[in-house]
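Below is one structure; the comments refer to it alone.
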Amino acid sequence: MKKSIIWELIKINILYSNPQLLASVKKKQNKKKNASFSAYKSILRQQIFMMIMFAFIYTVFFLGVDYSESVGFFSLQLSIFAIMSIVYGFTGFFSVFYDSKDTKLYLALPLRSQDVFIAKVLSAQGMVLPFLMPCLSLLSITYWQIGGAPALIAVLPSFILLWLFINIINLVLLHFIGQVLRKSSQKTMISTILMTVSTLIAIGAMLFLQSQQIVSLESNGFVNFPKIPIFVGFHYIVSQPLSLGTAINFLLPLTITLGLVYYIVKEIMPHYFDQLLEIDAVSGQTRKKKPAKLPSNLQKALVKHHLSTLKDSNLLVQSFVQPVVIGFALYPSVSRFANDGGLSTISPDYFGIAMLVGILLGNMFAGATTFLGVAMSLEKENYHFIRTLPLSFKQFTIQKFKVIAFVQFLLPTILYFTLAFVLFKVHLLLSIFFTIGLLLSALLVGQIYYWRDQRLLVLNWQNSNQLFGRGSGQWLIAGSILLTMMVGAILVTISIFVANAYNAVYVSAALLTLILVAATLLQVFLHKAYWSKLPQ
């Protein structure tokens with residue numbers, strides 16, 4: 017194993033694993049042709065910035081809880097971020113290992129399968145580490161609360177073990193998908209199904225974890241929650257290192273992880289090239305397709321066409337995971353505004369504040385990495401063909417927005433209404449206004465990103481990740497999330513304070529009026545600036 021060769025392979029695969037960041041680097045190069053640019057260094061700097069930002073943001077949320085006593089809540093937070101790392105990291109791993117076009121080039125070179133495999137694993141960490149960095153903050157805060165400065169010695173080893181655990185799970189899942197792809201020519205369909213199912217399972221796991229919570233935010237920052245197996249071991253290794261719980265939840269998973277590392281090194285890495293060759297051979301086989309049944313009218317045909325553009329597995333994961341994951345990450349902070357009895361004790365007089373919370377959360381339902389953010393670019397070569405058809409392009413564009421918005425927002429809206437009304441037992445009136453706020457904000461922000469996609473239209477993309485980085489897409493995502501968190505926390509806090517000090521009904525009515533006026537003005541602007549100017 018030559019370190020210099022692996023480092024060169026890592027630099028190459030960083031570019032393949034992050035085409036959206038590479039696109040932004042190329043734009044900088046075009047603007048400043050005489051300047052000196054290193055593409056992989058630029059991408060690494062942006063990834064490091066994202067890691068630092070995520071660690072900083074969530075450190076602020078973690079500081080309000082006493083994790084030395086809240087053992088179960090510690091295991092919940094750690095498990096949720098681990099699941100997020102698996103989901104987002106899995107898409108990055110799949111893109112690097114099976115969607116990149118560079119692997120075939122290595123077959124003719126004197127390179128070992130193991131070297132390429134290691135380089136691809138390391139180059140994909142830009143998709144894993146941003147969601148693991150909050151775990152580093154969580155471990156540091158928890159260990160400091162348990163044992164002070166001496167306990168911080170255990171932070172780095174624990175974090176490395178967690179990082180190794182996440183990567184091992186991703187690699188084993190990836191190998192399983194590769195084995196399935198070896199036996200079928202329907203690579204795109206199978207990868208889409210498997211990645212979507214794995215994402216739904218991860219979301220289901222987070223739903224289950226949240227449903228087990230017993231909200232008890234005391235004045236001393238204690239949170240009561242059932243202990244999550246395995247992840248609670250990262251607390252026990254410092255708080256009770258010689259206990260049976262540590263052996264079961266830390267030492268046993270460590271042993272299994274090391275066993276899986278041995279299996280990957282001995283069985284998976286040496287045969288990576290062979291697996292790729294078999295997948296390519298199967299994918300190249302042609303199969304006779306039955307003629308598709310034609311829709312009965314033009315409108316149905318167009319709806320079917322709009323839905324057919326949403327089959328990209330990476331896009332499916334990004335579109336549905338973002339609003340769900342962010343909502344769960346924000347829940348502990350939002351729940352602090354409730355009384356000790358939980359969200360179910362909030363009076364329906366706070367309907368305006370409920371709608372404000374919905375507006376803030378719905379702002380994250382649409383973005384540069386969702387269906388609406390890339391909708392028209394998904395047409396690819398069909399875009400110019402559709403412009404030549406004897407149908408109104410304006411009506412086509414409007415219909416496409418309606419169809420994709422329905423697909424984009426239906427599941428998250430139902431999910432959050434169910435969580436609010438059924439799981440957290442929020443009053444029905446508050447749940448309804450919260451849901452209305454979600455939809456109103458999502459539709460308005462969705463129009464903005466839909467318009468943005470057409471201004472930054474790209475039709476010759478090879479991987480959907482290339483569409484995400486247009487117009488500083490990564491910075492736009494991070495900035496919008498950070499701004500929503502900061503401004504939202506301030507607005508909600510002020511609204512609750514004023515409502516408690518005066519009359520909650522009057523404050524809610526005023527908030528409702530302001531929200532509707534602002535939404536109306538924004539919609540009028542979008543109509544005049546965008547919708548009315550669409551070509552016929």
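The opening residue of the sequence shown carries number 17 in the numbering used here; numbering runs sequentially from there.
The beta carbon of each residue, even a glycine, is placed where N, CA and C say it ideally should be.
Rounded to whole angstroms, F381 and K282 show a C-alpha spacing of 43 Å. Its Cα nearest to that of A370, the residue V508 stands out among V419, V508, V132 and V76. Less than 8 Å separates the beta-carbon of S255 from that of I162. In the three-state DSSP reduction, P146 falls in the helix class (H, G or I). Taking C-beta atoms as the reference points, F181 and T273 count as a pair closer than 8 Å.
Under the DSSP assignment, P286 falls outside any alpha helix (DSSP H); it carries neither an H nor an E label.
Below 8 Å, enough C-beta pairs join the segment 69-82 and the segment 146-156 to call them touching: three or more. When DSSP states are grouped into helix, strand and coil, Q411 belongs to the helix group. L394 and L472 have their C-alpha atoms roughly 12 Å apart. In the structure shown, T386 falls within a coil segment according to DSSP collapsed to helix, strand and coil. Between the alpha carbons of Y546 and W467 lies a distance of about 7 Å. DSSP places P245 outside both helix and strand once states are collapsed to three, so it counts as coil. Listed in chain order, the alpha helix (DSSP H) elements of length 4 or more contained wholly in the segment 82-134 are 87-110 and 119-122.
When Q291, R198 and V103 are compared, the shortest CA-CA separation from Q130 is found for Q291. The continuous alpha helix (DSSP H) containing D469 extends over residues L444 to R471.
The alpha-carbon separation between L376 and N476 amounts to approximately 34 Å. Of all alpha-carbon atoms in F192, S174 and I280, the one lying nearest the alpha-carbon of P257 is that of S174. For T404, no alpha helix (DSSP H) run applies, since DSSP gives it neither H nor E. In the three-state reduction of the DSSP assignment, G378 falls in the helix class.
Here S259 carries a coil assignment [DSSP, helix/strand/coil]. Rounded to the nearest angstrom, the Cβ distance from L460 to V474 is 24 Å, too far for a contact under 8 Å. Per DSSP, the unbroken alpha helix (DSSP H) holding K320 starts and ends at L314 to S324.
Secondary structure of S524 (DSSP, three-state): helix. The DSSP-derived three-state label of Y518 is coil.
Excluding its 5 nearest sequence neighbours in each direction, L270 has C-beta neighbours in its own chain below 7 Å: L177, listed in chain order. Cβ neighbours of F78 within its own chain (closer than 7 Å, five residues either side excluded): S153, L154 and I157. Straight-line measurement puts the Cα of L25 at about 18 Å from the Cα of R61. Pairing G462 with L388 gives a Cβ-Cβ distance under 8 Å.
By the CB criterion at 8 Å, G453 and G504 fall outside the cutoff. In this structure, the beta-carbon distance from S139 to I30 falls below 8 Å. C-alpha of K544 to C-alpha of A535: approximately 14 Å in a straight line. P173: member of the alpha helix (DSSP H) spanning V171 to L197, first to last residue. Contact check for L455 against T429 passes: the beta carbons are separated by less than 8 Å.
If you check the CB distance, L318 and F401 do not come in under 8 Å. Counting other Cβ atoms within 10 Å of its Cβ, I99 reaches 16 or more and is therefore classed as buried.
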